[in-house]
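Enquirer:
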Amino acid sequence: KQEVTQIPAALSVPEGENLVLNCSFTDSAIYNLQWFRQDPGKGLTSLLLIQSSQREQTSGRLNASLDKSSGRSTLYIAASQPGDSATYLCAVCNQNFVFGPGTRLSVLP
Amino acid sequence: NAGVMQNPRHLVRRRGQEARLRCSPVKGHSHVYWYRQLPEEGLKFMVYLQKENIIDESGMPKERFSAEFPKEGPSILRIQQVVRGDSAAYFCASSPRLAGGPYNEQFFGPGTRLTVL
């Protein structure tokens, strides 16, 4: 059974810092991994999708890497801004989509 | 807006009533997923449907819950005889149909927040 964990559970940083969010999964036989952000009381917004054959994807200040063999992905956020404050979720896809519990990020002005 | 649509956005029911949640996928998507998010918890997969077929319902409670995705119209998640523990946010996602397999990038709707009094 696939299990997904995310570290840290919560993170508070001053504006401008670069930061890394971690996602680990137990079953490396995945089709893809997707990173989302969720604002309080809102739905999920897709940030990046990494197919199993890829090692990283970039979008603006975001960079996600995937090491399938070790069951890990990281989301790197450069020059963080208060608008980045949200919960960040990773989800892996093999038989179906399994989500991690999320990292709650607060970027302080 | 061609994204995933869910309605209602908020739904209040009394114990024992029925709740019907609707999801219209992105135009052209034939794969729909339902998730439940309990307060302060992560998203839990419930069911995966294609048009007129349930593909995977391993996350669906065995009683009171059902889902359908008819040939025409939205996908429906139905909860009969609701209890307080059903209070949660229910999210729907859709993905496009690809020749390589059914699993692909998901696009999420805004969710329906169900409150059971």
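Each protein sequence line maps, in turn, to chains A and B.
Using my numbering, the letters of the first sequence correspond one by one to residues -4 to 104.
Using my numbering, the letters of the second sequence correspond one by one to residues 33 to 149.
Idealized CB from N, CA, C, for every residue including glycine.
Only a predicted model underlies this, so the values are computations on that prediction, with no experimental measurement involved.
Need the endpoints of the beta strand (DSSP E) that Y26 of chain A sits in, please.
Expert: No beta strand (DSSP E) holds Y26 of chain A; DSSP gives it neither H nor E.
Enquirer: Anything in chain A within Cβ reach of G60 of chain B, meaning under 8 Å, just list it in chain order.
Expert: In chain order: nothing, as chain A lies at least about 17 Å away.
Enquirer: Can you tell me whether N85 of chain B is buried or exposed, with buried defined as 16 or more other CB within 10 angstroms of its CB?
Expert: Flag for N85 of chain B reads exposed.
Enquirer: So if I threshold CB-CB distances at 9 Å, which residues from the region 83 to 98 of chain A count as touching chain B?
Expert: Here the close residues are L84, A86, C88, N89, Q90, N91, F92, V93, F94, G95, P96 and G97.
Enquirer: Looking only at C-alpha atoms, which of B:S127, B:A121, B:A120 and B:V114 sits nearest to Q49 of chain B?
Expert: Selected option, being the one with the closest Cα: B:V114.
Enquirer: Quick test of the definition: if touching needs 3 or more C-beta pairs under 8 Å, does the region -2 to 18 of chain A touch the region 83 to 101 of chain A?
Expert: Yes, they touch.
Enquirer: Please specify which runs of the beta strand (DSSP E), each continuous and at least 3 residues long, are wholly inside the region 70 to 134 of chain B, giving them in chain order.
Expert: DSSP runs (the beta strand (DSSP E)) wholly in the region 70 to 134 of chain B: 75 to 82, 85 to 88, 97 to 100, 107 to 111 and 120 to 127.
Enquirer: Note down, one range per segment and in chain order, each beta strand (DSSP E) of at least 3 residues found wholly within the region 18 to 95 of chain A.
Expert: As far as the region 18 to 95 of chain A is concerned, its whole beta strand (DSSP E) runs of at least 3 residues are 27 to 33, 39 to 46, 51 to 54, 57 to 62, 67 to 72, 81 to 88 and 92 to 94.
Enquirer: So K103 of chain B and K83 of chain B are supposed to be a Cβ contact under 8 Å. How far apart are they, rounded?
Expert: Going by Cβ atoms, the distance from K103 of chain B to K83 of chain B rounds to 6 Å, so yes, they are a contact pair.
Enquirer: To which residues does DSSP link V36 of chain B through a beta bridge?
Expert: Bridge partners of V36 of chain B: none, in fact.
Enquirer: Got a sec? Which residues, its chain only, sit under 7 Å from R96 of chain B by beta carbon, not counting five neighbours each side?
Expert: Only I111, Q112 and Q113 meet the Cβ criterion.
Enquirer: With a Cβ-Cβ cutoff of 8 Å, do S75 of chain A and E12 of chain A count as a contact?
Expert: Going by C-beta atoms, S75 of chain A is nearer than 8 Å to E12 of chain A.
Enquirer: Across the region 43 to 55 of chain A and the region 35 to 46 of chain B, are there enough close Cβ pairs to call them in contact, namely three or more that are closer than 8 Å?
Expert: No: the two stretches stay apart, fewer than three of their Cβ pairs being nearer than 8 Å.
Enquirer: So with Cβ pairs under 8 Å, would you call K(-4) of chain A a contact of chain B?
Expert: No, its Cβ sits nowhere closer than 8 Å to a Cβ of chain B.
Enquirer: So, T21 of chain A versus Q1 of chain A, is the Cβ gap smaller than 8 Å?
Expert: Not a contact, by the Cβ cut-off of 8 Å.
Enquirer: Which residues share a DSSP beta bridge with L103 of chain A?
Expert: Per DSSP, A:P9.
Enquirer: Compute the minimum distance between the beta carbon of V148 of chain B and the heavy atoms of the ligand NAD, and state whether it is under 7 Å.
Expert: This structure lacks the ligand NAD, and indeed carries no ligand of any kind.
Enquirer: In the DSSP assignment, the beta strand (DSSP E) including L149 of chain B goes from what residue to what residue?
Expert: Taken as a continuous stretch (DSSP letters only), L149 of chain B belongs to no beta strand (DSSP E), as it is neither H nor E.
Enquirer: Quick check: what's the CA-CA separation for E137 of chain B versus Y80 of chain B?
Expert: If I take the Cα positions, the gap works out to 14 Å.
Enquirer: Under three-state DSSP, which class holds Q(-3) of chain A?
Expert: Q(-3) of chain A falls in the coil class under three-state DSSP.
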